[in-house]
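Undergrad: Protein chains in written order, with our numbering: chain A, 2 to 334; chain B, 80 to 369.
Glycine residues also receive a C-beta, built at the ideal position from the N, C-alpha and C atoms.
Given the structure is predicted, the values throughout are model-derived calculations rather than measurements.
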Amino acid sequence: MSEIVEQASARGLRASREPEWRQLEALVIKAEKKSPRAFTDEELMALPVLYRSALSSLSVARETSLDLELITYLEGLCARAYFFVYGVRTSFWKRLQTFFTRDWAEAVRSLWRETLVSLALVLVGGIVGFMLVSADPLWFDIFVPEALAQGRNFSASPDLLRQTLYDKGPSDWLAMFATFLFTHNSQVAIFCFALGFAFGVPTAFLLIYNGGMAGAFFALFASHGLGAELAGWMMIHGTTEFFAIILAGAAGLKIGWSVVFPGNRSRMASATRAGRTAAIAMGGVVVMLFVAGLLEGFGRQLVTSDTLRFAIAIGMLLLWLAFYYLPRGRAHG
Amino acid sequence: MADYADHHREHERRTRRSLVTPEGVDLSLRLADAGQRLSAFLIDYLLMMAILVGATILIFVSGISGGPAYFQLLGIIWLIGFFLLRNGYFIIMETGPRAATFGKRIVGLRVVARSGGRLTADAVIARNLMREIEVYLPLSFLGMNAARGLADTAATLFGFGWACIFLFFPLFNRDRLRVGDLVAGTWVINAPRRKLGVDLLGQEQRGPKLVFTDQQLDVYGQFELQTLEQVLRTANAEAMATVADSIRVKIGAWDNVPDAEFLAAYYEALRARLERNLLFGKRRLDKHDR
Numbered sequence: 002m003s004e005i006v007e008q009a010s011a012r013g014l015r016a017s018r019e020p021e022w023r024q025l026e027a028l029v030i031k032a033e034k035k036s037p038r039a040f041t042d043e044e045l046m047a048l049p050v051l052y053r054s055a056l057s058s059l060s061v062a063r064e065t066s067l068d069l070e071l072i073t074y075l076e077g078l079c080a081r082a083y084f085f086v087y088g089v090r091t092s093f094w095k096r097l098q099t100f101f102t103r104d105w106a107e108a109v110r111s112l113w114r115e116t117l118v119s120l121a122l123v124l125v126g127g128i129v130g131f132m133l134v135s136a137d138p139l140w141f142d143i144f145v146p147e148a149l150a151q152g153r154n155f156s157a158s159p160d161l162l163r164q165t166l167y168d169k170g171p172s173d174w175l176a177m178f179a180t181f182l183f184t185h186n187s188q189v190a191i192f193c194f195a196l197g198f199a200f201g202v203p204t205a206f207l208l209i210y211n212g213g214m215a216g217a218f219f220a221l222f223a224s225h226g227l228g229a230e231l232a233g234w235m236m237i238h239g240t241t242e243f244f245a246i247i248l249a250g251a252a253g254l255k256i257g258w259s260v261v262f263p264g265n266r267s268r269m270a271s272a273t274r275a276g277r278t279a280a281i282a283m284g285g286v287v288v289m290l291f292v293a294g295l296l297e298g299f300g301r302q303l304v305t306s307d308t309l310r311f312a313i314a315i316g317m318l319l320l321w322l323a324f325y326y327l328p329r330g331r332a333h334g
Numbered sequence: 080m081a082d083y084a085d086h087h088r089e090h091e092r093r094t095r096r097s098l099v100t101p102e103g104v105d106l107s108l109r110l111a112d113a114g115q116r117l118s119a120f121l122i123d124y125l126l127m128m129a130i131l132v133g134a135t136i137l138i139f140v141s142g143i144s145g146g147p148a149y150f151q152l153l154g155i156i157w158l159i160g161f162f163l164l165r166n167g168y169f170i171i172m173e174t175g176p177r178a179a180t181f182g183k184r185i186v187g188l189r190v191v192a193r194s195g196g197r198l199t200a201d202a203v204i205a206r207n208l209m210r211e212i213e214v215y216l217p218l219s220f221l222g223m224n225a226a227r228g229l230a231d232t233a234a235t236l237f238g239f240g241w242a243c244i245f246l247f248f249p250l251f252n253r254d255r256l257r258v259g260d261l262v263a264g265t266w267v268i269n270a271p272r273r274k275l276g277v278d279l280l281g282q283e284q285r286g287p288k289l290v291f292t293d294q295q296l297d298v299y300g301q302f303e304l305q306t307l308e309q310v311l312r313t314a315n316a317e318a319m320a321t322v323a324d325s326i327r328v329k330i331g332a333w334d335n336v337p338d339a340e341f342l343a344a345y346y347e348a349l350r351a352r353l354e355r356n357l358l359f360g361k362r363r364l365d366k367h368d369r
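#1: Grab the span of the alpha helix (DSSP H) containing A314 (chain B) for me, first residue to last.
#2: If the cut-off is 7 angstroms on Cβ atoms, which residues from the stretch 200-219 of chain B count as contacting chain A, listed in chain order?
#3: Name the DSSP beta bridge partners of T265 (chain B), please?
#4: Return the Cβ separation of L311 (chain B) and A343 (chain B) in integer angstroms, given the expectation that the two are a contact with Cβ distance under 8 angstroms.
#5: Below 7 angstroms on C-beta distance, what does M269 (chain A) contact in chain B?
#6: Less than 6 angstroms between C-beta atoms, sequence neighbours within five positions excluded: which residues of the same chain meet that for V322 (chain B)?
#7: With L207 (chain A) as the anchor, note down where its alpha helix (DSSP H) starts and where it stops.
#8: Taking just the CA atoms, how far does E340 (chain B) sit from A314 (chain B)?
#9: Can you round the beta-carbon distance between D123 (chain B) and R255 (chain B) to whole angstroms, since I take them to be within the 8 angstroms contact cut?
#10: So that I know if they touch, is there some Cβ in chain B lying closer than 8 angstroms to that of E70 (chain A)?
#11: With 8 angstroms set as the bound, which would you pick, yes or no: does the beta-carbon of P171 (chain A) sit closer than that to a beta-carbon of chain B?
#12: Alpha carbon to alpha carbon, how far is V109 (chain A) from G334 (chain A)? Give it in angstroms, no decimals.
#13: Which residues bound the alpha helix (DSSP H) around E242 (chain A)?
#14: Going by C-alpha to C-alpha distance, which of B:T174, B:D338, B:R327, B:E308 sits closest to A316 (chain B)?
#15: Would you check if there are 3 or more beta carbon pairs closer than 8 angstroms linking the stretch 290-302 of chain A to the stretch 239-253 of chain A?
#16: Would you list, in sequence order, the uninterrupted alpha helix (DSSP H) runs of no fewer than 4 residues that lie entirely inside the stretch 103-153 of chain B?
#17: Assign V277 (chain B) to one of three DSSP states: helix, strand, or coil.
#18: Would you list the one or two residues that DSSP bridges to V214 (chain B)?
#19: Could you check the C-alpha separation between E347 (chain B) and L67 (chain A) for me, to the nearest Å?
#20: Quick check on the burial criterion: 16 or more other C-beta atoms within 10 angstroms. Buried or exposed for Y345 (chain B)?
#21: To the nearest whole angstrom, what separates the beta carbons of A280 (chain A) and A205 (chain B), a pair I think is in contact under 8 angstroms?
#22: Is the beta carbon of G294 (chain A) sitting closer than 8 angstroms to the one on N186 (chain A)?
#23: Reducing DSSP to helix, strand and coil, say where R23 (chain A) ends up.
#24: Below 9 angstroms on C-beta distance, what does M283 (chain A) contact in chain B?
#25: I'd like to check one pair, V123 (chain A) with G212 (chain A): are the Cβ atoms closer than 8 angstroms?
#26: Grouping DSSP H, G and I as helix and E and B as strand, with all else coil, what is R96 (chain B)?
#27: Measuring only the C-alpha atoms, how far is I159 (chain B) from P271 (chain B)?
#28: So, under 8 angstroms CB-CB, L110 (chain B) and T94 (chain B) are touching, yes? Tell me the CB distance rounded to an integer number of Å.
#29: Does any residue of chain A bring its CB to less than 8 angstroms from the CB of G114 (chain B)?
#30: Please report how far the alpha carbon of P249 (chain B) lies from the alpha carbon of R257 (chain B), in whole angstroms.
#31: In angstroms, rounded to a whole number, what distance separates the CA positions of A80 (chain A) and V261 (chain A)?
#32: Which same chain residues end up closer than 8 angstroms to A62 (chain A) when comparing Cβ atoms and leaving out the 5 residues on each side of it in sequence?
#33: Anyone know if the C-beta pair for R210 (chain B) and G259 (chain B) falls short of 8 angstroms?
#34: In this structure, how does DSSP classify M283 (chain A) when only helix, strand and coil are distinguished?
#35: Indicate whether A178 (chain B) and R189 (chain B) have their beta-carbon atoms separated by less than 8 angstroms.
#36: Thinking just about the alpha-carbon of each residue, which of B:E91, B:D85, B:G145, B:T265 is nearest to the one in T273 (chain A)?
So this is what it looks like as structure tokens:
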């Protein structure tokens with residue numbers, strides 16, 4: 002009688018299975034530290050077998066043993082092995098590749114409704130900003146913070162304003178400037194996205210405000226007859242940058258919308274679904290802002306011809322639109 | 080005293096989440112608590128700060144000797160590096176096979192998809208971009224307040240209060256989700272690497288073998304047994320004395336045997352009895368369970 006008990010009890014389990022657990026533990030530690038390529042063929046073959054054996058040990062231990070140490074150990078070991086055996090297969094770089102060939106454009110395309118709303122918000126902001134500043138120049142200081150205006154306000158002479166549009170600036174620092182713009186704008190865009198969680202309200206405010214700022218600038222330059230020139234100056238990178246910010250806003254609105262109107266799902270499940278698509282789109286937004294930073298830092302300071310500026314602006318816009326919305330076959334991924 | 084065992088079970092129920100593997104075994108994962116999450120984050124934050132300060136000093140020192148073009152290059156490296164560190168550190172670390180940053184590794188945590196499926200890169204990106212409003216926003220409010228002085232205190236306080244909702248979000252739901260976890264469909268579990276300690280059963284017996292009657296063993300159940308196991312493993316003389324005394328009072332014998340010896344013998348006898356009953360399908364959860 003007591004022999005049977007002994008056989009089936011934890012002591013028997015430990016004695017007969019412990020070497021396998023140790024083997025599995027060593028493999029899991031290796032997997033957590035190195036890439037799967039570090040494994041030999043034998044080790045890869047052994048892993049699932051050892052994992053299932055450990056799982057069955059856990060089942061046996063739970064039913065027959067009161068050794069808390071053993072059960073806790075096996076639970077931990079099995080969980081860690083589970084996440085490796087059923088874990089992520091694709092490497093980070095492989096994932097990056099599918100992001101560029103497929104996921105990015107798909108995610109942006111699926112946001113088309115929010116993108117239109119987001120665009121409308123920016124336009125409304127722009128029109129309101131333009132009209133308010135045209136009616137009363139005092140509004141300008143409200144829309145544009147002093148640090149950003151850098152002396153470009155209604156007390157500035159037309160010559161000074163013209164100068165800001167075509168001055169080459171300290172060209173030594175262009176690259177640095179471009180980098181700064183990129184990191185700064187990306188942070189703003191990420192912010193725009195993250196704020197979407199609060200039902201999208203702060204995102205909408207940010208979009209309107211950004212539109213308003215552009216509208217105010219436009220009103221200032223237009224009052225001196227420099228409207229078209231400003232458009233060239235702003236749009237060379239602006240088509241890319243505004244598009245990116247509109248997409249970031251759309252991603253934020255998508256999450257906000259899914260929280261407010263979850264449909265058949267629970268609010269949580271709905272937010273999760275929206276969050277994942279939106280996150281991919283955000284990865285694309287950062288890439289767009291990188292391009293915008295280059296255009297703004299280099300392109301704008303080096304290219305001073307209005308025609309060329311407009312050509313680049315429209316070219317970039319068409320490029321993005323084609324990339325996102327043109328139907329594509331499987332061959333393109 | 081039923082409270083202890085009940086409280087323990089209630090705690091287990093609240094902190095454990097079932098995850099049934101395709102093989103049909105419930106892994107019963109343990110959620111990380113708020114303290115563990117916070118300490119993991121603080122470790123990561125300090126590490127990022129250390130990297131940032133170290134890299135800045137290094138870049139500045141190496142830039143002094145070079146010309147302006149060289150200095151500009153270093154400036155670009157610094158800006159991009161800062162951006163990557165701020166946004167990429169968490170994302171790249173958590174998409175790895177260990178699904179945890181250095182801080183989480185030290186504390187023994189990992190990020191897991193709530194559905195039990197595989198953790199996708201999208202989920203990791205989503206949960207970490209949300210950090211922007213959870214951590215950096217409150218921080219920047221604090222910074223702004225310090226910079227502006229008291230001029231805008233009311234507005235800053237309002238903003239800070241709003242940001243605090245996100246900051247303390249994990250404390251207000253039972254899954255300890257932060258907003259990022261909520262949006263990404265993830266949660267953070269505690270699955271530390273641990274060594275298997277020796278079995279307390281079948282250790283070398285010192286002194287004479289103690290024999291207990293069934294009545295003396297029927298006093299306790301599984302919960303008490305496992306509490307006793309922890310006391311024996313910790314081997315704190317004071318705790319052992321307290322436990323030994325209360326058991327002696329309960330079963331009314333062995334005042335003359337040293338604490339450690341008595342407890343080890345009682346543990347062994349109790350476990351053998353409870354495990355034998357277990358084989359016959361009788362699990363006695365605690366001393367009140369008949």
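TA: Let me lay it out:
#1: Per DSSP, A314 (chain B) belongs to no alpha helix (DSSP H) and is neither H nor E.
#2: A200, D201, A202, I204, A205, L208, M209, E211, I212
#3: B:A192
#4: 7 angstroms
#5: L261
#6: V310
#7: 202-223
#8: 12 angstroms
#9: Not really, about 17 angstroms apart at Cβ, beyond 8 angstroms.
#10: yes
#11: In this prediction, P171 (chain A) has a pLDDT of 49, which is less than 50 and means its spatial position is unreliable; nothing more can be read from the coordinates.
#12: In this prediction, G334 (chain A) scores a pLDDT of 40, lower than 50, which makes its location untrustworthy; the coordinate-derived value is nonetheless stated afterwards. So the alpha carbons of these two residues sit roughly 15 angstroms apart.
#13: 228-261
#14: B:D338
#15: yes
#16: 113-144
#17: coil
#18: Answer is none; V214 (chain B) lacks a bridge partner.
#19: 11 angstroms
#20: buried
#21: 4 angstroms
#22: yes
#23: helix
#24: I204, A205, L208
#25: yes
#26: strand
#27: 34 angstroms
#28: 5 angstroms
#29: no
#30: 5 angstroms
#31: 36 angstroms
#32: A11, L14, D68, L71, I72, L75
#33: yes
#34: helix
#35: yes
#36: B:T265
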